[in-house]
Each structure stands twice: as structure tokens, then as C-alpha cells.
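Take a look at the structure set out below.
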Amino acid sequence: MNALVSMKDIEKSFPGVRALHNAQLDLRAGEVHALMGENGAGKSTMMKILAGIYRRDGGEILLDGKPVEVNSPRQAQDLGIGIIHQELNLMPHLTAAQNMFIGREPRKAAGLLLDEAKLNADAAEIFASMHLKLDPRTLVGGLTIARQQMVEIAKALSYRSRVLIMDEPTAALNDAEINELFAIIARLKAEGVGIVYISHKMDELKRIADRVTVMRDGEYIGTVPAADTPVEKIISMMVGRALTEDRPEVPDHSNAEVVLEVRNLNRGAVIRDVSFSVRKGEILGFAGLMGAGRTEVARAIFGADRRDSGDIFVHGKKVDIRMPQDAVRAGIGYLSEDRKHFGLATGMDVRNNVVLASLSRFAGPGGLLRESAMHEAASRYIDQLAIKTPSDRQEVRLLSGGNQQKIVIAKWLLRDCEVLIFDEPTRGIDVGAKNEIYKLLNALAQQGRAIIVISSELPEILRLSHRIAVMCEGRLTGILSGGASQEEIMHLATLRGEAANHNKQDKPAKGEAK
Amino acid sequence: MSATASTANVSTASRFSGAQHRLLAFASLIALIVVFSLASPNFMQTSNIIAILQATSVNGVLAIAATLVIITGGIDLSVGTLMTFCAVVAGVVLTSWGMPLGLGVLAAILAGAASGIASGTFVAKLKIPPFIATLGMMLILKGLSLVISGTRPIYFNSTPGFTQISQGSLIGTVIPGLPIPNGVLILFLVAIATSFILERTILGRFTFALGSNEEAVRLSGVNTDRWKIAVYALAGAICGIAGLLIASRLNSAQPALGQGYELDAIAAVVIGGTSLSGGRGTIIGTLIGALIISVLANGLRILSVAQEWQTVVTGLIIILAVYTDILRRRGL
Numbered sequence: 001m002n003a004l005v006s007m008k009d010i011e012k013s014f015p016g017v018r019a020l021h022n023a024q025l026d027l028r029a030g031e032v033h034a035l036m037g038e039n040g041a042g043k044s045t046m047m048k049i050l051a052g053i054y055r056r057d058g059g060e061i062l063l064d065g066k067p068v069e070v071n072s073p074r075q076a077q078d079l080g081i082g083i084i085h086q087e088l089n090l091m092p093h094l095t096a097a098q099n100m101f102i103g104r105e106p107r108k109a110a111g112l113l114l115d116e117a118k119l120n121a122d123a124a125e126i127f128a129s130m131h132l133k134l135d136p137r138t139l140v141g142g143l144t145i146a147r148q149q150m151v152e153i154a155k156a157l158s159y160r161s162r163v164l165i166m167d168e169p170t171a172a173l174n175d176a177e178i179n180e181l182f183a184i185i186a187r188l189k190a191e192g193v194g195i196v197y198i199s200h201k202m203d204e205l206k207r208i209a210d211r212v213t214v215m216r217d218g219e220y221i222g223t224v225p226a227a228d229t230p231v232e233k234i235i236s237m238m239v240g241r242a243l244t245e246d247r248p249e250v251p252d253h254s255n256a257e258v259v260l261e262v263r264n265l266n267r268g269a270v271i272r273d274v275s276f277s278v279r280k281g282e283i284l285g286f287a288g289l290m291g292a293g294r295t296e297v298a299r300a301i302f303g304a305d306r307r308d309s310g311d312i313f314v315h316g317k318k319v320d321i322r323m324p325q326d327a328v329r330a331g332i333g334y335l336s337e338d339r340k341h342f343g344l345a346t347g348m349d350v351r352n353n354v355v356l357a358s359l360s361r362f363a364g365p366g367g368l369l370r371e372s373a374m375h376e377a378a379s380r381y382i383d384q385l386a387i388k389t390p391s392d393r394q395e396v397r398l399l400s401g402g403n404q405q406k407i408v409i410a411k412w413l414l415r416d417c418e419v420l421i422f423d424e425p426t427r428g429i430d431v432g433a434k435n436e437i438y439k440l441l442n443a444l445a446q447q448g449r450a451i452i453v454i455s456s457e458l459p460e461i462l463r464l465s466h467r468i469a470v471m472c473e474g475r476l477t478g479i480l481s482g483g484a485s486q487e488e489i490m491h492l493a494t495l496r497g498e499a500a501n502h503n504k505q506d507k508p509a510k511g512e513a514k
Numbered sequence: 001m002s003a004t005a006s007t008a009n010v011s012t013a014s015r016f017s018g019a020q021h022r023l024l025a026f027a028s029l030i031a032l033i034v035v036f037s038l039a040s041p042n043f044m045q046t047s048n049i050i051a052i053l054q055a056t057s058v059n060g061v062l063a064i065a066a067t068l069v070i071i072t073g074g075i076d077l078s079v080g081t082l083m084t085f086c087a088v089v090a091g092v093v094l095t096s097w098g099m100p101l102g103l104g105v106l107a108a109i110l111a112g113a114a115s116g117i118a119s120g121t122f123v124a125k126l127k128i129p130p131f132i133a134t135l136g137m138m139l140i141l142k143g144l145s146l147v148i149s150g151t152r153p154i155y156f157n158s159t160p161g162f163t164q165i166s167q168g169s170l171i172g173t174v175i176p177g178l179p180i181p182n183g184v185l186i187l188f189l190v191a192i193a194t195s196f197i198l199e200r201t202i203l204g205r206f207t208f209a210l211g212s213n214e215e216a217v218r219l220s221g222v223n224t225d226r227w228k229i230a231v232y233a234l235a236g237a238i239c240g241i242a243g244l245l246i247a248s249r250l251n252s253a254q255p256a257l258g259q260g261y262e263l264d265a266i267a268a269v270v271i272g273g274t275s276l277s278g279g280r281g282t283i284i285g286t287l288i289g290a291l292i293i294s295v296l297a298n299g300l301r302i303l304s305v306a307q308e309w310q311t312v313v314t315g316l317i318i319i320l321a322v323y324t325d326i327l328r329r330r331g332l
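Top line first, the protein sequences correspond to chains W and U.
Okay, so the first sequence: first residue is 1 according to UniProt numbering, each after it adds one.
Okay, so the second sequence: first residue is 1 according to UniProt numbering, each after it adds one.
This is how it looks when you write it as C-alpha cells:
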């Protein structure tokens, strides 16, 4: 098969950083080509060059064997190259059809008026070709993320794209939505569209990719067929070494003190009568499907959202948590799934982020800050958690996801939190750094902290948890012991409505029997 | 590791260009001074330079207040009318009630802080967007100034020392050759003090942190409302100082004055390189910005350029200043 696109010897530097060096990729018509690599490996940069968002410094791009210049997104569209960004770029107040044809609206009356009827008909035609049931007149703001993504895909197709780039398209989708997306990808593939698929999820690769190209540190490592290459091989290509998987030994916590206890927590329809406890040194995993209410429980405990009713006890003493500052005073720290928006002041440096929750401790008379003490504290955690940063004055936004996560952890360790709630602790973190975060969580538990881990990745839950709490539609449908199987978890995660209440009565016999 | 080494380069590059922007503003200031002094021999006269500095003092102090709020990611449209309100309060306390000078000064500053607490409360507790909250405060204060003063100017003739606040020269009595008015001295003292607060104290650190990512600060268990109100209060107190300066210069509190000053102040902040989206900014930048505006006004006047055109040029400079900032960011 001939290559539809080939990118050869691509070079790209940003001030002070060499982002790509000798990078290459060849994409065939009608294939799904996965582009893999750790964060910062250069995948997105490579694709932004193909989509005309960045200009390359060197190398060449061939389309159908002929050299082409892609110097603007407009040129890329004209060449039939479409990109669907990780962050969707839609206008929520416009309809699906208006979004798809923005700037290219069909006109009537000598070009003076917009032809809405044709606009909607054109959009409907593309939706039909995707087997997508969606009214073109629906406002995009009211659609789910998955549906919005479909609109983006339809938009790309409206340019008659022959090359479609998808940057982590499933990051915010649930299983049903992922299936729908994959069905559309399969149809596009059958029509001869070449798809570049960037993802961190190994299981997806196996499901849809034909070939895999791995990048590391901005360089091309290799291209392998997806079907007959073991996952371990791909991971070792990505990280440059082999990773070991291990299941935790579950220590016996039955005599350990209960540090956090939550009783009958309620909040509207999203949290319904949730009760559980975490002991000293224990890691309690929270599993469930998207929208099961796990993050909501965490935020309610932490005081970030109001709760309707329910009591929270720390060391057996009832605490009144109305605001995050109350939770922090009670020794509870919350690490949000969205570090950039809720966890870090990314424009500030490592030092200030580490001390952010304990700043008043570093203020002397008149509010004067003791920078040297702050430096000492930050440096101590940089060493202890092996945070890779040139200094504690480095701006946090310039660090990788894994290191950013460690900074948030450091912030709570410095605050001496006994209960740490991790919401999706490894989201957006590359494979190598994930392992480090896992080790860190285990070490924190061994030091006697009570840890709650919320994760949508079952392997992560299984690997870390000493006990597993499963939620479905705002209810806690059961608590399993660490050795539980994926099937048991999925059963509880899909236990809806009244059935859950019955189940809950006999479930503790199984899970909390200890 | 290569990755960390290269990110280090990015960081020094960005920090350098941050300084570069200030350097650029400073270089523009010097360039303006050079051009004007070549164009007119009157420009570099000591008396003219002192006039420029004196003209900067009020706007400079107001701009410092505005800088604080803007760094938190907010905006304060009430600085101009708050300045007037504080001047009127001083007038009432000193002239109508016949209180001693010190109490008048204290009343003006406390009135400023109280108004700041009100603005801050609207923004932090009631979640009213800063633009709207301070727009409301701007009108409230404008009206209150007229109400309290009975719409007439209040003169400070019964408090002879009052004009000394701005027009006397402490430096001049110590160094006779250098008759720098107290207004200018106060501007620099306020600048130094505010700079110190911003860079070295917990209030300053939270000012930047709030502008950088307020939600992250809140979820760190910090009482963000309290700190935000404190920043607005400090800004308000500084407006109180500006009120004293302008009243002292005019030897009267003019209740109808004030509206429009907030725009000059915000212009100085922006020219000085403080980001309107919050999280970044310096007092020295704001000072340079305020000086650029005064030098421009003064220089163009000496060159007999009509006042209308001065306004046009100031507008162009604001756009140019922000554009250079955007270029700098894009360069990253």
C-alpha cells in the first residue's frame, strides 16, 4: 500500500526546547494509525505541524507522494487534513450545523442572506453518512461531550478530509460513547480515510489501531503492527525500558484506627445516602462509571460543594465541614482530577505551589514571608518525591503532568493531611510516571495516611486498592475486598435503582466483613 | 535529563522577557524624554520635571491601587470617584468639624479602606463580577460625594498645614537644591510599600495566587474571600491617599471631580505590563506607565500639540503596549 501522508525528518524547536528531531510518520489510506508516546514525546507537536497549526523547521511532508506545504489550518483543510483537538473548539451558542459550516455558510439572494435550509440539509447529510442521529439545529452547548466530538468529526468530514487526526478523543467519554465513536471510526476507515489516533489507553489500541508509531523525546522510535505486538513491547518502546506490573499485598487493617468516617451523605440526586470509612494506612478505591457520583462524594466531603445531609467524622470526632478550609483544618486534602483548573496555580513557581495550603505558617509578623523557610520546605519535597524540576523557582506550567501531580501531593503532605483524596491521580500522566505515582501512594499509606483513590481505570483501582467502594448513580452499591475481580466491580457499577438498595443490605457481609 | 534541562531554558527565557517588557516600557520612557528634550529646551528645566512628577503623583498612586486589584484578576473602576469621596470626607472632618489634620488624614484613608471592603465584599461574597461591582461603587461614591459636600467644593482654609501634604517639600528643606514636592515623595513611598507588600508578604502572595488560579487557592483550604476583600481594602486605602494628594494640591475637595481618573490609572497599569487577566504585574511597571502618560502629556503640551491629540496618542500607546505584551507571549 502506498502512503497517503508521509512526514519525513521533521524538525521543530521552540525557544530553548527541541520538540522534534528526525520525527517521521507514514499514514496509509483506510488505516487507523496510533501515535503513542509519553507526555512531551512530541505527538501533539507532530500533528499540529501536519494540521498547519505549527510550521516545521525542517523535513518534508508528502501527500500522495507529492511534497506539500501546510502553513496554515486553512491550507490543511484545503488538502483534506482535519484535526479534532483534545479540547473541543465549538461555539456553544450556535447549532451543530452552524458550527460545522462556520465561515462557509451556504448563501442565497445573491450572497446576501444565509441559506439556513441548505445549511441544515448539508449537515444532516453528513450526519446520515456517519449513521449519527442528531438534529443539525440542536444547540451545541446542550450536547454531551461525546456528541460535541461527533459534531467536530462531522465538521472535519465536511471539508472532505482524507486525513483525520484525533487527539485523545476518548478522554472524556464513557464506554457506550466510546463504542459509538469506534463504530464511526470503522466506517470512515472503510471509506478510505486515514486516521491518526493519539491515545494513552492501551486497550483502545488493540481494538481499533492497525499500526502503531511510537515517539520518545521528540524522536521517532519505530512503527509496529498493532495486532501482533504485545502491549509490554509498546510500553517499553515508549519509556525506553520494561515496566513491571504488580498487584498489592493487602495489609491487615482490621485493628487500625478509623480515620475518616462518612455517614449518610446526601446531595440532591447525585449523592444518595453514602456511608463508608477509611482506616489508618488503608487505600480505599472508588470505582464506578462516569457520572456515578464519585467526584461529587469527594467534593462534598471536602466542602467544595454543599451537602444536603450527612455527617463526617475524623478520628471518631464529628467535624462540621462547610468550606474547603474546614476540611483542611480537619486534616483532609483533596487532589482534583483537573489539576490545571483546581489544583495548581500554574503561572506560579514550584515553591509557591508547594506552600500554597500552608502559607500562613511561613508568614512572620506583619505577614512577612520567610522565603528561605519556604525554599527549604519546597526543596525537601522536591527531593523526597523526586520531582524533576531545575529549581523550586520553575513555573509549574512548564513541568510534565506527573511532576505537576507530585507538586499537588507535596502541597498536602506539607499541610500534614492525614486523609488524602486522589481524584483520577494519573489522568494525563504518561505510563512511566504513573508507576512512580502508584509507588508514592503506597508509601503514603504505609506511613499511616488514610487514602481514597477515585479512578475510572479499573486496572489502576485493582492495582492500588486495599478495599474497593463501587458507586452507581449516586449510590454506594457495595464495598469489595482488594482481591475482587473486574466482573464483580462491573456488576456493582451497573447496579441501578432499587436493586442497589436490596443489594446494599447483604453486601456488607461480603465486603466489610473484616 | 534533556527534558528538564530544556524546560529550564524556557523558564529563563520567559522570565527574561517579562523583565524585557518592563525594560521596553522604561526604554520608551527614556526615548520620550530624549525626543522631547531635543525638541524643546524647556522640557528638561528642573521646574518642568518637577511639574511632570507632581502631575504623576495622583494618577500614580491611583494606578498602584488599580494594579493590586488587577493582579487578582479583577478590575476597579471606582478608584477615581473613591479618591474624590475620600477627599470630601477629609474636607468634612477638617473644615466642617474642625478636627486636627491627623484625624482628617486618618478619616480619608479609613473611608477608602471601608469602601474597598464594600467592593471586595460584593465581589467575593456576592460573586458580582468586579467590573459591575466597582461600576456600581463608582456611581455610589460619586453620588455620596455630592450628597456629603452639598455639591459644593470644601476648602481647607482652616487647616493651613493641609496644602503641605502635596505641595510642601520635605526633601527641599533637607537638600535645598532639590525641591521635590511631598506629593512625589508620597508616591514613591506608597510604591515602595506596596511593592514590598506584593513581593514579600502573605497578602501579596495571595494577591498573585488569586489572579493565577483562584479555585486552586480555595481548594487548598484558603479563605479566598477574606484575602480578596483585604486586597480591595488595601487598594481603597491607597485611593484615600490619592484623595488627600489631590485635595491638598487643589486646597479643596471638589466633589464633581474624579470620574475619568480610573481610566488613566488603568492605562498606566496596562502600559506598565500588568496583565489584565491577572496573576502578573509589578508596581515599578505601573510607575513607569504613569510616568509615560505624564511625560507624553507634558511634552506634547510644550510642543503646542492640542490636548485632543494628546488623548489620541495615549490611546495609541495603550494599544501598542498591550500588543508588545501579546508579541512577547507569542514568542514563547
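Glycine residues also receive a C-beta, built at the ideal position from the N, C-alpha and C atoms.
What you are looking at is a predicted structure, and each value in this text was computed from that prediction instead of being measured.
Annotation for A133 of chain U: the continuous alpha helix (DSSP H) segment containing it runs P130 to S149. Using a Cβ distance threshold of 8 Å, I452 of chain W and I421 of chain W count as a contacting pair. Within the region 208-222 of chain U, the residues whose Cβ lies closer than 7 Å to any Cβ of chain W are, in chain order, F208, A209, S212, N213, E215, A216, V217, R218, L219, S220, G221 and V222. In this structure, DSSP gives S252 of chain U an extended state, which the three-state scheme calls strand.
With 16 or more other Cβ atoms inside 10 Å of its own Cβ, A235 of chain U counts as buried. The count of Cβ pairs closer than 8 Å, one atom from the region 134-153 of chain W and one from the region 82-97 of chain W, reaches three, so the stretches are in contact. Annotation for D225 of chain U: A124 and K125 place their beta carbon closer than 8 Å to its own, counting only its chain and skipping 5 residues before and after.
Within the region 342-369 of chain W, contact with chain U at the beta-carbon level (separation under 8 Å) is assigned to F342, G343, L344, A345, T346, G347, M348, N352, L356, A357, L359, S360, F362, A363, G366, G367, L368 and L369.
Around the CB of D383 of chain W, fewer than 16 other CB atoms lie within 10 Å, so the residue is classed as exposed. T201 of chain U has a beta carbon lying within less than 8 Å of a beta carbon in chain W. Between the region 242-257 of chain U and the region 81-101 of chain U there are three or more C-beta pairs closer than 8 Å, enough to call the two in contact. What Q405 of chain W touches in chain U, judged by beta-carbon distance under 8 Å, is nothing: the nearest beta carbon there is about 13 Å away. DSSP, read as helix, strand or coil, puts G288 of chain W in strand. A Cβ-Cβ separation of about 5 Å places Q148 of chain W in contact with L88 of chain W under the 8 Å criterion. Shown here, E436 of chain W sits in a helix according to DSSP, grouped into three states. Judged by their CB atoms, I208 of chain W and I185 of chain W are nearer to each other than the 8 Å cut-off. Inclusion of G82 of chain W and Y159 of chain W in the CB contact set at 8 Å is warranted, their separation being smaller than that value.
Interface annotation for the region 256-283 of chain U against chain W: G279 and R280, criterion Cβ-Cβ distance under 8 Å. Separation of the CB atoms of I292 of chain U and I271 of chain U is rounded to 6 Å, and the pair is thereby assigned contact status at 8 Å.
Assignment of M47 of chain W by DSSP, reduced to helix, strand and coil, places it in the helix class. Going by DSSP, V123 of chain U is part of the alpha helix (DSSP H) stretching over L101 to A124. Apart from sequence neighbours up to five positions away, the residues of its chain that approach N42 of chain U with a beta-carbon distance below 7 Å are N48 and I302, ordered along the chain. Here DSSP, grouped into helix, strand and coil, assigns I53 of chain W to coil.
Shown here, I429 of chain W sits in coil according to DSSP, grouped into three states, outside any helix or strand. Here G194 of chain W is buried, its C-beta having at least 16 other C-beta atoms within 10 Å.
The beta carbon of R22 of chain U sits no closer than 8 Å to any beta carbon of chain W.
Assigned with DSSP and collapsed to three states, N264 of chain W falls in strand. Beta-bridge partners assigned by DSSP to R107 of chain W: W:L114. If you draw a 10 Å sphere on the C-beta of Q486 of chain W, you find fewer than 16 other C-beta atoms in it, and that means exposed. For L420 of chain W, there is no enclosing alpha helix (DSSP H); the residue is found in the beta strand (DSSP E) stretching over V419 to D423. Burial is judged here by how many other beta carbons sit within 10 angstroms of a residue's own beta carbon; G268 of chain W has fewer than 16 and is exposed. Leaving aside the five residues that flank M44 of chain U on each side, the residues in its chain whose CB is nearer than 7 Å to its CB run, in chain order, S37.
Under a 10 Å Cβ-count criterion, K142 of chain U is classified as buried, with 16 or more other Cβ atoms of the shown protein chains found around its own Cβ. Boundaries of the alpha helix (DSSP H) harbouring E376 of chain W: E371 to Q384, taken from the DSSP string. The shortest C-alpha to C-alpha distance from I171 of chain U to any of U:L185, U:S158, U:P160 and U:Q164 is the one to U:L185. Of the candidates U:G183, U:L287 and U:G177, the residue whose Cα lies closest to the Cα of L68 of chain U is U:L287.
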